[in-house]
Amino acid sequence: SAVISQKPSRDICQRGTSLTIQCQVDSQVTMMFWYRQQPGQSLTLIATANQGSEATYESGFVIDKFPISRPNLTFSTLTVSNMSPEDSSIYLCSVHSLRGNTIYFGEGSWLTVV
Amino acid sequence: QKEVEQNSGPLSVPEGAIASLNCTYSDRVSQSFFWYRQYSGKSPELIMSIYSNGDKEDGRFTAQLNKASQYVSLLIRDSQPSDSATYLCAAGKGNDMRFGAGTRLTVKP
C-alpha cells in the first residue's frame, strides 16, 4: 500500500485568493491523480499529473484554475486559483497501486471559501 | 457518459443486522470494482475490491459482482455502529475509474 500525505488538511480561504495543496507519496509513482469532492457529491477527477509533462485535465477543469506541478515521482501540488465559494470542497490526492488495480487516497484537504 | 449509480440513502439498519449496499455501472468495459468507506470529515478508505463475477468475502464484508447485469453490491454482516459511514462504489478500467455519489449507512445500537 501507499502512504500519501497531504497538506494543508483544512483551511478557510478568502474569496479571490489562491491556495496550493501539497501531496507527498512514500514511493515513486508514475501518475498521481487529483480529485474534488463537493459536499454530498461523488469524487470527480480533476486531472492526472505525470512527472515531466503537463497534467491532463478532465472535462470542466482548466489549467488556469487548477495549475498542477509534478516536479518528481513522489510529489505533486494542486493550486486552486481565484477561489470562490463554489470551490469549497475536499481535494484528494491519489495514486494507483503498482498493478493499477487499487486506488489509494491521501487524507484530503478541506477547503472552505468565504 | 460513464456512470456509477448508488442509492444515496440514508440506509438505516439495527446493530447486528445485514446491511446491503447496491451499485450499478454503465460502462461495460469496466474490469475493476471497489468499495470505499468514508467517515465524515475523512478521506475514502478501501474496503473491498472485486474483479470477477461472483462473491468475494473478507471478514464481515462480502462483495458481489454480476457483470452481465452491471451490478455490484456490498453486504455487511453483523453491522456495528462503527460501520456508520458513507460507502462509495467505484468501477472502471485501468486509470479510468468512476465513483458513485455514495450511500450513507447508519447502524443503530
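Quick note, the sequences are listed as chains A and B, same order.
This note's numbering numbers the first residue of the first sequence as 304 and each following residue consecutively.
This note's numbering numbers the first residue of the second sequence as 85 and each following residue consecutively.
From the three backbone atoms N, C-alpha and C, an ideal C-beta is built for every residue, glycine too.
1. To be precise: take each residue of the stretch 386 to 398 of chain A, compare its Cβ to all Cβ atoms of chain B, and keep it if any distance is under 8 Å. Which residues remain?
2. Which whole-angstrom value describes the C-beta separation of A:R318 and A:V416, a residue pair presumed to lie in contact below a C-beta threshold of 8 Å?
3. Please report the distance separating the alpha-carbon of A:V328 from that of A:S308.
4. Check the DSSP bridge columns for B:V97 and list the partner residues they point to.
5. What does a CB cutoff of less than 7 Å around A:S391 pick up in its chain, not counting 5 residues either side in sequence?
6. Give me the DSSP bridge partner(s) of B:K195.
7. Apart from the five residues just before and just after B:L105, which ones in its own chain have a Cβ nearer than 6 Å to its Cβ?
8. Name the two residues that bound the continuous beta strand (DSSP E) containing B:G138.
9. Quick check on the burial criterion: 16 or more other C-beta atoms within 10 angstroms. Buried or exposed for A:S412?
10. What number of angstroms, rounded off, separates the C-alpha of B:Y46 from the C-alpha of A:T320?
11. Return the residues of the stretch 321 to 343 of chain A that lie within a Cβ-Cβ distance of less than 7 Å from chain B, sorted by chain order.
12. Check A:P374 in the structure and name its three-state DSSP category.
13. Does any residue of chain B bring its CB to less than 7 Å from the CB of A:L414?
14. Report the rounded CA-to-CA distance for B:S136 versus B:F183, giving the unit in angstroms.
15. Look up A:V329 in the DSSP assignment and say whether it is helix, strand or coil.
16. Taking Cβ-Cβ distances shorter than 8 Å, what residues in chain A pair up with B:F145?
17. Among A:H399, A:Q341, A:V332, whose alpha-carbon lies nearest the alpha-carbon of B:K177?
18. Determine the DSSP secondary structure at A:D314, reduced to helix, strand or coil.
19. Can you give the Cα-Cα distance for B:Q90 and B:D162, rounded to whole angstroms?
20. Comparing alpha-carbon positions, which option in B:W119, B:T190, B:P98 lies nearest A:T405?
21. Looking at the unbroken beta strand (DSSP E) that takes in B:V88, where does it start and where does it end?
22. Take B:L189 as the anchor and find which of B:S110, B:Y123, B:Y109 has the nearest alpha-carbon.
From the atom records:
1. I393, L395
2. Within the first sequence, residue 318 of chain A is the residue found at index 15, counting from 1. Within the first sequence, residue 416 of chain A is the residue found at index 113, counting from 1. So it is a contact: roughly 6 Å between Cβ atoms.
3. Translated into positions along the first sequence, residue 328 of chain A becomes position 25. Translated into positions along the first sequence, residue 308 of chain A becomes position 5. Counting only the Cα atoms, A:S308 lies some 6 Å from A:V328.
4. If you number the second sequence from 1, residue 97 of chain B lands on position 13. Answer is B:V191.
5. Start at 1 with the first residue of the first sequence, and residue 391 of chain A comes out as number 88. Same-chain partners within the cutoff: L414, T415, V416.
6. The structure shown does not extend to residue 195 of chain B, since chain B is modelled only from 85 to 193, so the question has no answer here.
7. For the purposes of this step, residue 105 of chain B is taken as residue 21 along the second sequence, with counting starting at 1. For B:L105, same chain residues with a beta-carbon under 6 Å away, outside a window of 5 residues either side, are L158, Y171, T187 in chain order.
8. Position 54 of the second sequence, counting from 1, holds the residue named residue 138 of chain B. Run containing B:G138: 138 to 142, per the beta strand (DSSP E) assignment.
9. Within the first sequence, residue 412 of chain A is the residue found at index 109, counting from 1. Per the 10 Å Cβ criterion, buried.
10. Past the boundaries of the shown model lies residue 46 of chain B; chain B is included only from 85 to 193, so the question cannot be answered.
11. M334
12. Position 71 of the first sequence, counted from the first residue, corresponds to residue 374 of chain A. In the structure shown, A:P374 sits in a strand (DSSP, three-state: E or B).
13. Within the first sequence, the letter at position 111 stands for residue 414 of chain A. A:L414 does not count as touching chain B.
14. Within the second sequence, residue 136 of chain B is the residue found at index 52, counting from 1. Within the second sequence, residue 183 of chain B is the residue found at index 99, counting from 1. For B:S136 and B:F183, the gap between their C-alpha atoms comes out near 19 Å.
15. Position 26 of the first sequence, counted from the first residue, corresponds to residue 329 of chain A. As written in the sequence, residue 329 of chain A is Asp, which differs from the Val given in the question. Of the three classes helix, strand and coil, the one that applies to A:D329 here is coil, per DSSP.
16. Taking the second sequence and counting its residues from 1, one reaches residue 145 of chain B at position 61. Chain A residues near B:F145: none, gap ~15 Å exceeds 8 Å.
17. As a position in the second sequence, residue 177 of chain B is number 93, starting the count at 1. The shortest Cα separation from B:K177 among A:H399, A:Q341, A:V332 belongs to A:H399.
18. Looking up residue 314 of chain A in the first sequence gives position 11. Strand at A:D314.
19. Sequence index remark: in the second sequence, residue 90 of chain B carries index 6 (1-based). Sequence index remark: in the second sequence, residue 162 of chain B carries index 78 (1-based). B:Q90 and B:D162: Cα-Cα distance of roughly 22 Å.
20. Within the first sequence, numbered from 1, the residue matching residue 405 of chain A stands at position 102. Closest by alpha carbon: B:W119.
21. Reading the second sequence from its first residue, position 4 is the one you call residue 88 of chain B. Element bounds for B:V88: 88 to 90.
22. If you number the second sequence from 1, residue 189 of chain B lands on position 105. The residue with the shortest Cα to Cα distance from B:L189 is B:Y123.
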